[in-house]
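Working notes for the structure below.
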Amino acid sequence: MKSSYRQLAIGNRKLSPETLMTSYGYDPFLSEGSVKPPVFLTSTFAFKSAEDGKDFFDYVSGRRTPPNAQDAGLVYSRFNHPNLQIVEERLAVLEGGQSALMFASGMAAITAAILAFARPGDTILHSQPLYGGTETLLVGTLAPFGLKAQGFMDGLHEEAVTEAVAACTSKVPIIYVESPANPTCGIVDFDLVTRAADAIEKKQGSRPLIIVDNTMLGPIFQQPLSFGADIVVYSLTKYVGGHSDLVAGAVIGSSAHLVPIRKIRSAFGMQLDPHSSWMLGRSLETLHLRMERASDSARKIAAFLAQHPKVDAIYHPDFIKDEAYQRVYRKSARAGGSTFSFTVKGGEKEAFHFLNDLHLFTLAVSLGGTESLISHPASTTHSGVAKAIRDKVGVTDALVRVSVGLENADDLIADLDQALSGL
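Residue 60 is where the sequence shown starts when you use the working numbering, and the numbers rise one by one after that.
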């Protein structure tokens, strides 16, 4: 049998991502013929020679580039390990990037990506709203270290982005975008962001990196690297992990851009452990099936909610009635995914009453699991964001976020209907 664990094509046929997720990057005959990768529970790795040890440390430290980037050698599990490398190779293939790095959480991935390129006094230009943890990182955690943040809420019209660029009073090393946004599903036109990066380069002499949080739709329904993004970040906890049983993050992009991020990861000890890496490899095999099924169900549920008299507004990409929004959405994404928000008539009291009356939805934060989850962002995931900002970006007390899982869509609709009828 031919060794094919890094084979991307058969003859002239390029292999599909679904096929590659079951085998790419893993050679069974390096692990006693085991069809599935074992979990490599070791902290350190033996060198065949002292020369290998010297070479491998040079490679992982970034002092030298290995002849083959995929075979840089194993040193110590804070730097690399087999379970990590297998999944990183698959993520890069799936996203269309040269390389990928996995982290112990999505926030670790985001933090490392920012710290690798931003310096005290710099300004991070970013879209709004952002995931609450990211918003807190930018305007709270990193502020004492001299980093500034400048947001723009309208990512669909050039004037709004241009105004935000003009408001930046120091060097801008990064334009950080979350699209669709959590939890309002607001989106950003990647073409506008690219033009903003061009304008900033003319102004300051260096081009800012475009970093996109692709957690909500990627990598199945959206691939920002193909629209000009330099780096994509993920909370792998969500759809890629997909079973609500692990916490992880990733950064994907060119090999050159990932070099300084890798150094941050190694120095700070942000590495993902072997068991969680193994679980992610398991999950990648069903990612297409899970995301497509859940997205189909979410669209059906959103259509029901859009007509319900107790629902004020719905924030699902297919149901946002804005011409500019739909133009950008249809251009950049294949589907709307399975996480969206809606507002119930009233405020926090009515939202809590509705949530407490549900039977099939689990009242919990996070998203992208096999089970349907529902939450109240203003009092949970975005509670650390100032109320004035929450209200400004649409994370109101009446807003509810739902992550549709793999249950029968009609059963979920029945549950939502009975809870809404009690308001």
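For every residue, glycine included, the Cβ atom is placed at its ideal position computed from N, Cα and C.
Item, Value
"Verify whether the separation of the beta carbon atoms of C244 and H375 is less than 8 Å.", "yes"
"Starting from I270, trace the beta strand (DSSP E) both ways and give me its first and last residue.", "L268 to D272"
"Going by the CB atoms, is the gap between G395 and A357 shorter than 8 Å?", "yes"
"Would you mind working out which of K446, S391, F363 and A177 sits nearest L479, comparing C-alpha positions?", "F363"
"Nearest to G121 by alpha carbon, out of F249, R266, K446 and I323?", "I323"
"Can you check which of these residues, F104, L432, P203 and Q281, is closest to S391 by C-alpha distance?", "Q281"
"Candidates M166, P319 and T78: which alpha carbon is nearest R149's?", "T78"
"Over what stretch of residues does the alpha helix (DSSP H) that includes R517 continue unbroken?", "The structure shown has nothing for residue 517, since the chain only spans 60 to 482."
"Going by the beta-carbon positions, is the gap between V292 and I270 smaller than 8 Å?", "yes"
"So, helix, strand or coil for G406, using DSSP?", "coil"
"Output the residue ranges of the beta strand (DSSP E) runs that lie fully inside the stretch 357-418 and measure 3 residues or longer, sorted by chain position.", "370-374 and 398-403"
"How many Å lie between I311 and A168 at the Cα?", "10 Å"
"From R386 to S108, what distance separates their C-alpha atoms?", "58 Å"
"Measure the C-alpha to C-alpha separation of A383 and Y190 and round it to an integer number of angstroms.", "23 Å"
"Considering Cα atoms alone, identify which of L74, G277 and Y64 is closest to G92.", "Y64"
"Return the Cβ separation of V119 and S325 in integer angstroms, given the expectation that the two are a contact with Cβ distance under 8 Å.", "7 Å"
"So what does I290 bridge to, in DSSP terms?", "I270 and G312"
"Hey, could you find the ends of the beta strand (DSSP E) H185 is sitting in?", "T182 to S186"
"Give me the Cα-Cα distance between F420 and L471, rounded to the nearest whole angstrom.", "8 Å"
"Report the residue from A307, K73, K380 and R123 whose alpha carbon sits nearest the alpha carbon of L160.", "A307"
"Whose C-beta lies closer than 6 Å to the C-beta of D371 among residues of the same chain, with five residues either side of it excluded?", "T402 and K404"
"So P188 and V452 are supposed to be a Cβ contact under 8 Å. How far apart are they, rounded?", "4 Å"
"Just how far apart, CA to CA, sit S313 and E217?", "27 Å"
"Alpha carbon to alpha carbon, how far is A288 from G156? Give it in angstroms, no decimals.", "10 Å"
"Which same chain residues, not among the five before or five after G84, have their C-beta less than 6 Å away from its C-beta?", "I145, E148 and R149"
"CB-CB under 7 Å to D377, same chain, minus the five flanking residues each way: which ones, in chain order?", "R358, A361 and G395"
"For M350, which three-state DSSP category applies?", "helix"
"Taking Cβ positions, are S136 and S102 nearer each other than 8 Å?", "yes"
"Going by the CB atoms, is the gap between I183 and A177 shorter than 8 Å?", "yes"
"Taking Cβ to Cβ, would you say S400 is nearer than 8 Å to L432?", "no"
"Between E344 and M80, is the Cβ-Cβ spacing less than 8 Å?", "yes"
"Leaving out the 5 sequence neighbours to the left and right, which residues in its chain are closer than 6 Å to N142 when beta-carbon positions are compared?", "F99, P333, S336 and W337"
"Judging by CA-CA distance, which residue of Q263, L339, R389 and M275 is the nearest neighbour of K95?", "L339"
"Determine the closest residue to D476 out of L426, K380 and A365, with distance taken between C-alpha atoms.", "A365"
"Around the C-beta of T228, are 16 or more other C-beta atoms found within 10 angstroms, so that it is buried, or is it exposed?", "exposed"
"Can you tell me where the alpha helix (DSSP H) holding L174 begins and where it ends?", "G165 to L174"
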